[in-house]
Structures are given as structure tokens and as C-alpha cells.
Amino acid sequence: MTGADHLLPLRTKLRSLRTAPFGADPAGARMERIRRSPHFVDGSFQNPVGARTRPSGSTVEFAKIYFQKEQRARRTPDGTVPVHPTTLADLAAPPVSGLRLTWMGHSSVLAEIDGSRVLFDPVWGQRCSPFPFAGPKRLHPTPVPLAALGPVDVVVISHDHYDHLDLPTIRALAGTDTVFAVPLGVGAHLERWGVPAGRLRELDWNETATVGGIRLTATPARHFCGRGLRNQQHTLWASWAAAGPEHRIYHSGDTGYFPGFRDIGAEHGPFDATMIQIGAYSEYWPDIHMTPAEGMRAHLDLQGGSPHGVLLPIHWGTFNLAPHAWAEPAEWTKDAGDEADQPLAFPRPGEPFEPAGILPVEPWWRPLSPALARPWRPAEGQAAAGPAPAARGDLDLAGER
Numbered sequence: 000m001t002g003a004d005h006l007l008p009l010r011t012k013l014r015s016l017r018t019a020p021f022g023a024d025p026a027g028a029r030m031e032r033i034r035r036s037p038h039f040v041d042g043s044f045q046n047p048v049g050a051r052t053r054p055s056g057s058t059v060e061f062a063k064i065y066f067q068k069e070q071r072a073r074r075t076p077d078g079t080v081p082v083h084p085t086t087l088a089d090l091a092a093p094p095v096s097g098l099r100l101t102w103m104g105h106s107s108v109l110a111e112i113d114g115s116r117v118l119f120d121p122v123w124g125q126r127c128s129p130f131p132f133a134g135p136k137r138l139h140p141t142p143v144p145l146a147a148l149g150p151v152d153v154v155v156i157s158h159d160h161y162d163h164l165d166l167p168t169i170r171a172l173a174g175t176d177t178v179f180a181v182p183l184g185v186g187a188h189l190e191r192w193g194v195p196a197g198r199l200r201e202l203d204w205n206e207t208a209t210v211g212g213i214r215l216t217a218t219p220a221r222h223f224c225g226r227g228l229r230n231q232q233h234t235l236w237a238s239w240a241a242a243g244p245e246h247r248i249y250h251s252g253d254t255g256y257f258p259g260f261r262d263i264g265a266e267h268g269p270f271d272a273t274m275i276q277i278g279a280y281s282e283y284w285p286d287i288h289m290t291p292a293e294g295m296r297a298h299l300d301l302q303g304g305s306p307h308g309v310l311l312p313i314h315w316g317t318f319n320l321a322p323h324a325w326a327e328p329a330e331w332t333k334d335a336g337d338e339a340d341q342p343l344a345f346p347r348p349g350e351p352f353e354p355a356g357i358l359p360v361e362p363w364w365r366p367l368s369p370a371l372a373r374p375w376r377p378a379e380g381q382a383a384a385g386p387a388p389a390a391r392g393d394l395d396l397a398g399e400r
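Each residue of the sequence shown is one higher than the one before, counting from 0 in numbering that gives the first Met the number 0.
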């Protein structure tokens, strides 16, 4: 330290201590553009409708649920997740229909659409955390090494939380020729990690970039951002609509339910396939993640109110991020799809499929899960159970999701 170090502002000192996984804060021309955004109000990005981003409830009660031994056991698979051994041969031949999706786990999806390859929210790291020794750890291996995935035209990021924006993965992809499409402000992280500014397409909501013949539009979502303990809400979160000459797809990122799905569908749909977040929900944070029932409702809204296309459930099965049972999102989504008569795809991680072809529908998770109570399926004459009311008080868990 120099004799003048004690004169530096505290914020500057703390920023100098941030290691690479924390990323970088927007500054300069990027911050000026953020301030001009119509969605940046009173010093932070705002949701399309009101949302509580700090979890509600009693810290003590949450700790009892989250750390109790029997409850923890429910949140992990009882055995080895059957990962599909994806090979280059699986992906070498172009999709017959022009559209093929490969779920790599959590929210990571490789979409081959009309001759282009789009990789959504790639996370190949072992933990979604800034630390290699702590934080949620993968419950199954990645289906294919990132280097063996083949060339990717564009990497699309929904927001900067650790389970969607992964430093080791981005650094590996920075060494390729791929373009990165990211919400406004997120480019600061990528530039710190070695992505050249010329390969960034940084978009506000309802802005569009065209890469490799695919139109990518950042669409609204109901969530939040941040990679540190002090969350300034200076990076945007988004869902994404991708349109090629023949096909349209949608990736929800992380979001709570909100009426804007209908507007997104009217503007950019209907979609041949949607990738919808249906895991990591809780009554402690009902505004920023969807239950499977809400995910089904969002899909139908995106499709104009009627069953259409294929719904691929994402954001479940790979990381333990919420109190619900590990297999509950899949079972609940399956029931919601049956009730709505909506086609669903349940691939094993790494299993490619074409939405226009034979869908993977086997409930492969059942041998790895104890019987579930199914509170969403009411007994005759009873109403379905809704989220339990949260106790008063705040939980500060925002940085973990």
C-alpha cells in the first residue's frame, strides 16, 4: 500500500479486491447508454411489472427447510443422472426439419436453427459460484466437452447470475470466432474476461441483432441481476426470441410470470419451440421464478393462448438452487402439459431432438426420485395447493440465483 491508499473511496478499494469471476461494473460509454435506457429508472433497471427481488420470509424457517438433512436429500437425485453421451456424430448431420435442440442441462441449450448454431446460457463449470470450493455443484457431468461441441455462430446470455454466465465457459468461447448477444450492461463482464468489443451485440429490451441469418431480439423478463454482495442493478436481464428464415424459438432465461408474455408472442411468435424456466421456484421468491404451472401458462401466452409448438423445460435437474424436490419440476410440468394438451420434450441432458420429429417423452427421472406428494394435483373437490404464505422478514439470498 502507498501512503495515499487510505484516501481512496471505499467503493474503489472494494472494486480492486474483486477477483475475475465477479466480472466488471459498466462504466464510461456503456454506463451512459444504460442511463438512457427507458427501463433504467432512479439508478437501476426496473422490471416490466413490480417484483420483489429480495426473498421474503423468516431466515430461521428457511434454514430449517433448506439445511435439514432429510430435506436436502430430496433435492438431489438418488443415483446417477443418465446423461446422453453426445458426440460430434450426433450433431454433424444437419437437422432434417431445419430445427434441432440439445439441452445440455440447467438453462444451457444448443439450438441448430435454419443453418445457424445458437448456444443459450452455456455453463460448463462445476459450480455456479465465484469460488471453486463453495456454491451449488453440478449434479451431473456436462454431456460433451465444450471444445468438442463444434463451431457456434452466436452465444446468447440471458443475465449475469452465476448459473447462466460462467467465467470458465466464456473464457473458452472467447478463443473462438463466436459472437456474443447479451443484455445491456453484461458486456462489461465479457470484456474483462477477454471477449473483444467487436464480437459483442449488447441489447436493450426490444432491440434486435442479426447474426448468421438469425434475428435475435432481447425481450422483457421479470428477474434481477448481480454477481456481488452489493447489487446495483446496472446490468439488464432478458428473455430471447430467435427467428430464422423458417423457424422461431424462444428462451425464457430466468423470469417470474407476467402478462408481457402475450405481447412477446404477438410480436415474435408463434414459436416452433420454447425453452421455459420451470425450476428453482419457491414461495420465498414468487416474483422472480416460475412454477411449472406458471411456465405452462407463459408458454400458452407466447403461443397466442392455445397449445402450439413444443415446450422444452429448462432450469432444473443440474444444480440444487431451491427447496423443492429434485424431480418435482419435471413431474409437475408433465402434469401441466397433459392437462393443457401441450406437447413437451423431456430429453436426457445431451440428447438432441427435433421439435418436428419424435419427441423424447420418457420420464427418465423417476427411477432417481422417491414418490412425490404432488400438492399441485388436488384431490377431488379440493383446490390445488398454492404457495405457502411467507413469514415476515427478509432473506438476502439474491446473489445465489
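All C-beta atoms in this analysis are idealised placements derived from N, C-alpha and C, irrespective of residue type, glycine included.
Go to residue i, then tell me how far its alpha helix (DSSP H) extends in each direction, as first and last residue.
i, result
"Gly104", "Premise fails: Gly104 lies in the beta strand (DSSP E), 98-104, not in any alpha helix (DSSP H)."
"Glu31", "27-35"
"Glu350", "Here Glu350 belongs to no alpha helix (DSSP H), and DSSP marks it neither H nor E."
"Leu109", "No alpha helix (DSSP H) holds Leu109; the beta strand (DSSP E) holding it covers 107-112."
"Ala88", "87-91"
By the 10 Å Cβ neighbour count, where 16 or more other Cβ atoms means buried, how is residue i classified, buried or exposed?
i, result
"Ala320", "Checking the displayed sequence, the identity of residue 320 turns out to be Leu instead of Ala. By the 10 Å Cβ count, Leu320 comes out buried."
"Phe119", "buried"
"Arg365", "exposed"
"Ile248", "buried"
"Ser368", "buried"
"Ala88", "exposed"
"Glu379", "The pLDDT assigned to Glu379 is 48, lower than 50, so where the model puts this residue is not dependable, and the model offers no usable value."
"Asp395", "The predicted position of Asp395 is uncertain, since its pLDDT is 36 and thus under 50; a value taken from the coordinates is nonetheless stated next. Under this definition Asp395 is an exposed residue."
"Ser305", "exposed"
"Val154", "buried"
"Pro182", "buried"
"Arg34", "exposed"
"Pro132", "The residue asked about is misnamed: residue 132 is Phe in this sequence, not Pro. When all chains shown are included, Phe132 counts as exposed."
"Pro348", "buried"
"Thr332", "buried"
"Ala146", "exposed"
"Ala91", "exposed"
"Phe130", "exposed"
Return helix, strand or coil for residue i, following the three-state DSSP convention.
i, result
"Glu338", "helix"
"Leu371", "coil"
"Leu118", "strand"
"Met289", "coil"
"Phe223", "coil"
"Phe44", "strand"
"Phe39", "strand"
"Thr79", "coil"
"Thr52", "coil"
"Arg365", "helix"
"Arg74", "coil"
"Thr332", "helix"
"Glu379", "Unreliable positioning characterises Glu379 in this predicted model, as indicated by a pLDDT of 48, which lies under 50. A coordinate reading is not provided."
By Cβ distance below 8 Å, which residues in the same chain neighbour residue i in space, the five residues on each side in sequence not counted?
i, result
"Trp192", "Ala19, Gly22, Leu166, Ile169, Arg170, Ala173"
"Gly49", "Asp286"
"Glu190", "Ala23, Ala196, Leu199"
"Gly356", "Val95, Ser96"
"Pro150", "Arg116, Thr175, Asp176, Thr177"
"Gly212", "Asp113, Gly114, Ser115, Gly243, Pro244"
Start and end of the beta strand (DSSP E) containing residue i?
i, result
"Pro312", "309-313"
"Ala242", "238-242"
Near residue i, which residues of its chain fall below 6 Å by C-beta distance, leaving aside the five closest residues on each side in sequence?
i, result
"Arg17", "none"
"His298", "Thr273, Ile275, Leu310"
"Ala329", "Trp364"
"Arg226", "Phe21, Gly22, Asp159"
"Asn205", "none"
"Asp203", "Ser36, Leu183"
"Thr141", "Trp123"
"Arg261", "Asp300"
"Ser281", "Ala321, Pro322"
"Pro346", "Trp102, Phe352, Pro359"
Spatial neighbours of residue i within its chain, please: C-beta separation below 7 Å, excluding the five flanking residues on both sides.
i, result
"Val122", "His105, Ser107, Asp162, His163, Asp165, Thr168"
"Gly42", "none"
"Glu245", "Gly97, Asp113"
"Thr207", "Arg214, Leu215, Thr216"
"Phe39", "Ile33"
Just list the alpha helix (DSSP H) runs in the segment 141-216, keeping only unbroken ones of 4 residues or longer that don't cross its boundaries, in chain order. 166-173, 186-191
What ranges does the alpha helix (DSSP H) occupy inside the segment 249-301, keeping only unbroken runs of at least 4 residues that lie completely in it? 259-267, 291-301
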